[in-house]
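Scroll down for the structure; my scribbles are underneath it.
Structure representation (structure tokens):
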């Protein structure tokens, strides 16, 4: 988050982008070409590529500030992801009734709404396990993909709590209810189209399922919530996120999240976590891989920030696509700040990111540009497994539940390019252009 707004000096050499590209290729191809080696060695691969970037910045550039900023971001990211993962793992939601296509659409819609109250990470971690259980007898990879589309990404664009880029905008001066006021139409349009496509996918899948399977789903469980006291700890975590905006040091906020997760883990009955199939393996995988991503991302953000002003004066549709394209593969929070900074500098008169009244003025005077940047950052986070923090966590949870999820490229080629990107392109053409 800090990387996109700090002065990091001259742009890095292009070859320093290689570790990030190699890590992405390893994440994409490792599980396909050498699954056993990858699952044993991915921590070492991630760490090795990260250390290459660290050595360059410390030994050659002698500039440790970007690395410290990235480490702070990584710790905050892992604190939020980890605490929500642990606490939500202590809540078991039983969903009554048959998992018909219509019921599944309603469930995803509720998840999309809840993402604005708990954040995309909180909603995803809370609902992914009941989503898997209610569709257990006919679940396929597309159930996981559309859950990522709606609950873990697109759903969270109506409040600053919904997604990290919007929260950063709020901290910089964008009014709290600005997102709800200016982004609701795009939210309804994109959510509606995604759920419509999902309904036809799911109706075909449901029709193929045997009557016996459908009866099993109906009798699977009744509506109930076990471990409901962990809702208190979810509230503590959300409060810890909010107080970051009140001048609280990052380590205090992260410490509160860690304590909430620890106390929740100690107080929750082991039987609930056992019923949820709870395991720390998905969290460990995300922790190792994103350590490498955050480290190797430093020169990428460095180059992006240094080159942003050479883009000229983009149109709103160009802001949307540029922010979205980079958010699909990079951390969408610094990408959002980079293009927000560019838009502020191109405003007449020039406005400044660190002046909250000036950012609030920009939100009022140029809401269309801010909307394009905000929507690009949030919506396109669903385009890849690494576009937003919860995506890879959801895949890991699904994999641990023995669900055949799409590979990295399979996700992009089978779902993002033919389904998500056309929907987002249509939304941009109609509502942003």
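Residue numbers (this note's numbering): 679 to 1111.
Glycine residues also receive a C-beta, built at the ideal position from the N, C-alpha and C atoms.
Where the beta strand (DSSP E) through residue i begins and ends
i           : result
residue 902 : 902-904
7 Å CB neighbourhood of residue i in its chain, flanking five on each side removed
i            : result
residue 936  : 757, 761
residue 928  : 750, 754, 922
residue 834  : 793, 794, 797, 798, 840, 841, 1056
residue 858  : 836, 837
residue 957  : 1078
residue 701  : 724, 727, 970, 971, 974
residue 1025 : 1040, 1044
residue 1083 : 819, 822, 1073, 1076, 1077
residue 914  : 934, 938
residue 978  : 695, 698, 1008
residue 625  : Nothing in the structure corresponds to residue 625, since the chain is present only between 679 and 1111.
Beta-carbon proximity check, residue i vs residue j, cutoff 9 Å
i            : j            : result
residue 800  : residue 694  : no
residue 924  : residue 1045 : no
residue 903  : residue 784  : no
residue 697  : residue 747  : no
residue 787  : residue 873  : yes
residue 734  : residue 966  : no
residue 1047 : residue 1086 : no
residue 689  : residue 985  : yes
residue 1018 : residue 847  : yes
residue 975  : residue 1016 : no
residue 658  : residue 804  : Residue 658 lies beyond the residue range present for the chain, which begins at 679 and ends at 1111; the question has no answer from this structure.
residue 863  : residue 852  : no
residue 961  : residue 780  : no
residue 1113 : residue 1022 : For the chain, the structure presents residues 679 to 1111; residue 1113 sits outside this window and is missing.
residue 1068 : residue 759  : yes
residue 1014 : residue 1052 : yes
residue 876  : residue 782  : yes
First through last residue of the alpha helix (DSSP H) which encompasses residue i
i            : result
residue 936  : 928-945
residue 708  : 696-711
residue 999  : 994-1005
residue 880  : 856-886
residue 1016 : 1010-1024
residue 956  : Counting along the chain, residue 956 falls outside any alpha helix (DSSP H), and DSSP gives it neither H nor E.
residue 1105 : 1099-1105
residue 913  : 908-920
residue 1087 : 1086-1089
Assumed close pair residue i, residue j - CB separation to whole angstroms, cut-off 8 Å
i            : j           : result
residue 944  : residue 767 : Actually they do not touch by this definition, with Cβ atoms about 13 Å apart.
residue 798  : residue 841 : 6 Å
residue 828  : residue 789 : 6 Å
residue 815  : residue 879 : At roughly 17 Å, the Cβ-Cβ gap does not stay under 8 Å, so residue 815 and residue 879 are not in contact.
residue 973  : residue 732 : 6 Å
residue 883  : residue 946 : No, residue 883 and residue 946 are not in contact; Cβ-Cβ is about 34 Å, not under 8 Å.
residue 1081 : residue 810 : 7 Å
Close Cβ partners of residue i (< 6 Å) along its chain, the five nearest in sequence each way excluded
i            : result
residue 908  : 765, 768, 769, 942
residue 912  : 765
residue 896  : Confidence at residue 896 is low in this model, with a pLDDT of 44, below 50, so the placement of that residue should be treated as unreliable; the coordinate-derived value is given next. Here the set comprises 776.
residue 1050 : 994, 997, 998, 1110
residue 730  : 697
residue 1093 : 823
Neighbourhood of residue i by C-beta, 8 Å cutoff - its chain only, sequence neighbours within 5 removed
i            : result
residue 868  : 832, 1057, 1101, 1102, 1105
residue 1065 : 831, 1005, 1006, 1007, 1010, 1058, 1059
residue 738  : none
residue 1072 : 802, 806, 822, 825, 826, 830
residue 999  : 1054, 1106
residue 969  : 724, 725, 728, 752
residue 736  : 742, 745
residue 955  : 807, 1078, 1079
residue 861  : 835, 836, 1049, 1052, 1053
residue 1108 : 867
Fully enclosed by the region 792-851, which alpha helix (DSSP H) runs are 4 residues long or longer?
819-828, 842-850
Complete beta strand (DSSP E) runs within the region 1038-1070 (minimum length 3 residues, chain order)
none
Continuous alpha helix (DSSP H) assignments of at least 4 residues falling wholly in the region 717-800
743-766
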